[in-house]
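Report on the following structure.
Residue numbers (this note's numbering): 94 to 566.
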């Protein structure tokens with residue numbers, strides 16, 4: 094029998110059995126002393142009666158002792174068993190204790206402890222879940238190494254950044270066994286050696302993709318100054334690096350584009366001031382060049398302002414009902430002078446008027462830019478074709494020329510700011526390299542798309558797909 098209750102019951106059974114057996118033997122021996130001539134039958138009856146009395150006394154004593162032990166000793170066994178369950182992490186025992194009829198202060202104390210431990214355990218599980226969610230949801234890669242140099246904590250962003258599989262076991266590995274970039278290994282070693290924070294920038298190649306990351310490592314110090322390990326935070330700055338490159342390229346391109354007309358204006362103005370103004374023919378020629386460069390400078394500044402306005406946060410369109418026939422005809426009228434100059438013909442046939450929701454002024458600007466490109470990159474007397482197709486929810490507008498065309502390798506860069514397919518011809522025509530960038534932004538703000546198809550020395554076709562009704566996002 095297990096437990097204190099079982100052991101005590103067994104001990105009492107043995108004790109009472111021995112005691113009553115001995116008492117029976119003694120009483121059986123004393124009977125002949127009182128009556129030497131007793132009848133054997135009476136003697137037998139006496140011994141039988143003695144045996145019955147002793148057995149009855151044994152069972153009655155055992156019943157009383159068992160009840161007493163059940164009342165006072167059994168709860169101790171239950172408390173002991175519950176305490177063992179508590180030690181094993183089972184905090185659900187308080188319900189069973191409350192439901193039992195036998196309750197005492199110790200049982201209730203164990204029940205209270207169980208409730209408190211269960212509450213603390215749930216809170217710890219919730220905190221652990223929150224911490225894990227936070228670590229996995231943060232946009233930065235996170236590593237934590239223990240005092241012995243083994244990995245104690247890692248999140249999914251780190252695995253993705255450095256190409257580790259989701260199910261690959263990393264916990265418990267050392268720095269050297271992780272096969273990290275040498276620069277990152279060196280940073281971790283420096284933090285361990287110096288107990289000082291370190292920071293570096295890495296360029297990574299993972300699964301054929303290049304990325305830039307900023308790595309920050311720092312020691313983890315306990316409340317009492319004890320060394321616990323180090324933490325490494327890895328921040329993906331690929332987009333920041335890309336934007337910084339765009340900014341630098343933009344500044345360089347703007348500076349270059351502004352310098353050319355300003356230099357021309359300054360040079361011809363100085364020449365005139367040095368005496369060339371006395372020659373009317375030369376002066377007129379120089380002033381025409383100055384005017385041309387001034388117009389080009391103004392166009393560049395105007396388009397920079399337009400692009401800046403379109404790209405700024407909070408930019409909105411002035412929506413109204415736009416008739417596509419009227420809008421396209423106005424755009425053709427804007428560039429009619431250049432069309433006549435190059436003896437070109439614009440083919441535009443639209444049997445019925447199509448009405449869409451849009452910003453008429455911006456759509457005219459889009460068409461003017463596309464027509465200007467078609468004129469600039471086409472030879473004399475080449476036709477330009479404008480075609481409109483009406484779909485259920487969208488309209489498709491295509492502007493096709495038979496110009497010099499564009500190489501397939503250059504198509505993906507066509508909508509970049511200041512990118513020109515033919516720089517010499519673009520400058521001669523007064524182009525700034527910003528027109529198509531403006532077109533792309535304006536079409537996307539309308540909720541549409543733009544596509545370009547081109548073949549070298551055959552021609553180019555720009556296709557716009559614009560929603561017929563304003564879409565709310």
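By construction, the Cβ of each residue, glycine as well, lies at the ideal position given by its N, Cα and C atoms.
For residue 245, the CB contacts under 6 Å within the same chain, skipping 5 residues up- and downstream, are 237, 239 in chain order.
For residue 468 and residue 491, the gap between their C-alpha atoms comes out near 15 Å. With a cutoff of 8 Å on beta-carbon distance, residue 489 and residue 556 are scored as near each other.
Shown here, residue 278 sits in a helix according to DSSP, grouped into three states. Only buried fits residue 493, as 16 or more other CB atoms lie within 10 angstroms of its CB. Distance from the CA atom of residue 225 to the CA atom of residue 235, rounded to whole angstroms, is 12 Å. In terms of CA proximity to residue 533, 508 leads the group 549, 508, 104. Boundaries of the beta strand (DSSP E) around residue 544: 542 to 548. The same chain holds no residue with a CB closer than 7 Å to that of residue 148 once the five nearest residues on each side in sequence are set aside. Between residue 497 and the set 312, 485, 476, the nearest pair of CA atoms involves 476. Between residue 328 and residue 462, the C-beta spacing is not below 8 Å.
Ranked by Cα distance from residue 542, the options 421, 401, 530 are led by 530. In the DSSP assignment, residue 556 falls within the unbroken beta strand (DSSP E) covering 552 to 560. The residues 113, in chain order, have a CB closer than 7 Å to that of residue 150 in the same chain once the five nearest residues on each side in sequence are set aside. With the rule of 3 Cβ pairs closer than 8 Å, the stretch 302 to 314 counts as touching the stretch 270 to 285. Close CB contacts of residue 364 within its chain, under the 8 Å cut and outside five residues either way in sequence, are with 379 (chain order).
Going by DSSP, residue 249 is part of the alpha helix (DSSP H) stretching over 249 to 255. The C-beta of residue 479 has 16 or more other C-beta atoms within 10 Å across all chains shown, which makes the residue buried.
By the Cβ-count criterion, residue 558 is buried, with 16 or more other Cβ atoms from all chains shown falling within 10 Å of its own Cβ. Within the DSSP secondary-structure output, residue 305 pairs in a beta bridge with 296.
For residue 429, the uninterrupted alpha helix (DSSP H) run begins and ends at 429 to 434, by DSSP. Note: residue 478 is bridge-paired with 440, 493 in the DSSP secondary-structure output. Residue 296 is positioned such that its CB atom lies no closer than 8 Å to that of residue 290.
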